[in-house]
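First up is the structure itself, then whatever we jot down about it.
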Amino acid sequence: MHPVYGIPDGSGGFIHDYPESMRTGPFKLSYLPAFTESEKALLKTSRAALTAIGLNHYGTNLVDAEGNTSNAGKTKMFDNKIPLSYSFENKGIPTAESGWLNMAPWGLRKLLNYIKDTFQPNLPIYITENGCSDGANRGSQGHYDPARVMFYHDYLTEVHKAMTEDGVDVRGYYAWSIFDNYEWEMGYREMFGIMYSDIEYLRSQEEIDRHNKTTRGPKLGEEHPLLHFEGDEKLEIKRQLVSPMIKLPAPSKQKIAKRSFLFLKDSLMGDNRKLANPLAYVSLTQLEDYPFDMINHVPVVGSATPCEPVADDGTTEKLKKEKKGKKSKKVKVTSGKMKGCC
-7 MHPVYGIPDG
3 SGGFIHDYPE
13 SMRTGPFKLS
23 YLPAFTESEK
33 ALLKTSRAAL
43 TAIGLNHYGT
53 NLVDAEGNTS
63 NAGKTKMFDN
73 KIPLSYSFEN
83 KGIPTAESGW
93 LNMAPWGLRK
103 LLNYIKDTFQ
113 PNLPIYITEN
123 GCSDGANRGS
133 QGHYDPARVM
143 FYHDYLTEVH
153 KAMTEDGVDV
163 RGYYAWSIFD
173 NYEWEMGYRE
183 MFGIMYSDIE
193 YLRSQEEIDR
203 HNKTTRGPKL
213 GEEHPLLHFE
223 GDEKLEIKRQ
233 LVSPMIKLPA
243 PSKQKIAKRS
253 FLFLKDSLMG
263 DNRKLANPLA
273 YVSLTQLEDY
283 PFDMINHVPV
293 VGSATPCEPV
303 ADDGTTEKLK
313 KEKKGKKSKK
323 VKVTSGKMKG
333 CC
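Okay, so the sequence shown: first residue is -7 according to the numbering used here, each after it adds one.
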């Protein structure tokens, strides 16, 4: 953020460069480019056009004075095989399904204050991504996501403190994400959604062969090139076998609202702007206000408009009209229908 927003120079202007800690001292990064005077002038001119700060934030790591994040020394951010870290050993910070995501709500409040105090931007802040992952393998498991419920409750509590007690100008908050999505190299093994997307396993060689015939990505069970970072300054191209153990979106396209979705809905939607008591949403008993047909949705196969209301007999109004003029096949819902538009 330093080059883009700059830090105050004490005379009403801003210094647009990398932090001094990255350019000098024991943690100096040799590969950092040096800005020319014309580039700095361009950054200074561009700053005047900025209207807001967009902040993506997920977790907090505890680091010692030597830059170590565990008893084994330095670890890479996106390494899911790191040992127990200082973050858990010394602060009790839990880890989500993603090994790099340490869930510490107070870390977001500190970051918001750091931005306000360091850059003095006089710009509103929008938290454009914030969320955590789980590893659910079925809808009945995915619906109960107590860690995510507490994640959103505690993170939003800290954001509120930053606004009301610290004077940070936060204007918006976006939870990541509405649906379970394809999570980079982790695929569907790490689910960030507040809506569970039904998945299926490829188990037999026949299923794997069928997938390999149509995929545009690396074929299962075969090797493909992989960029391997030995360190900040060393890169190698290696080869890695694509695991045949894979989860993919199921043909049913079924969606199930997770408890975190219901918590956010009851806390932030409509006229209500007060966080609900999270304990009810982490309970293993069914929520009385949300029977299965209200949290489950299976799209109508062949419907051109997914949100079109469906009658009790499984037909849409559009199909009924078409049936009067010509013969058409009746389209039926194969499972429960979520009330309201999807």
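Glycine included, C-beta positions come from ideal geometry on N, C-alpha and C.
Burial state of Val(-4) is exposed, judged by a 10 Å Cβ sphere holding fewer than 16 other Cβ atoms. With respect to Ala88, Ala128 sits apart: the two C-beta atoms are not nearer than 8 Å. Under the 10 Å beta carbon count, Phe19 is surrounded by fewer than 16 other beta carbons and is classified as exposed. Shown here, Gln232 sits in a strand according to DSSP, grouped into three states. Secondary structure note for Pro(-5): its alpha helix (DSSP H) is the uninterrupted segment His(-6) to Tyr(-3). Taking C-beta atoms as the reference points, Pro86 and Tyr147 fail to come closer than 8 Å. Taking every protein chain shown into account, the CB of Leu104 has 16 or more other CB atoms within 10 angstroms, so this residue is buried. Contact check for Asn122 and His49: beta-carbon distance about 6 Å, within the 8 Å limit, so the pair qualifies. Residue Val55 holds the alpha-carbon nearest to the alpha-carbon of Asn82 among Gly4, Tyr106 and Val55. Per DSSP, the continuous alpha helix (DSSP H) segment holding Ile107 begins and ends at Pro97 to Phe111.
DSSP, reduced to helix, strand and coil, places Phe184 outside both helices and strands of the structure shown, so it counts as coil. DSSP links His220 through a beta bridge to Glu228. Remark: C-beta atoms of Thr120 and Gly46 approach each other more closely than 8 Å.
The three-state secondary structure of Gly164, taken from DSSP, is strand.
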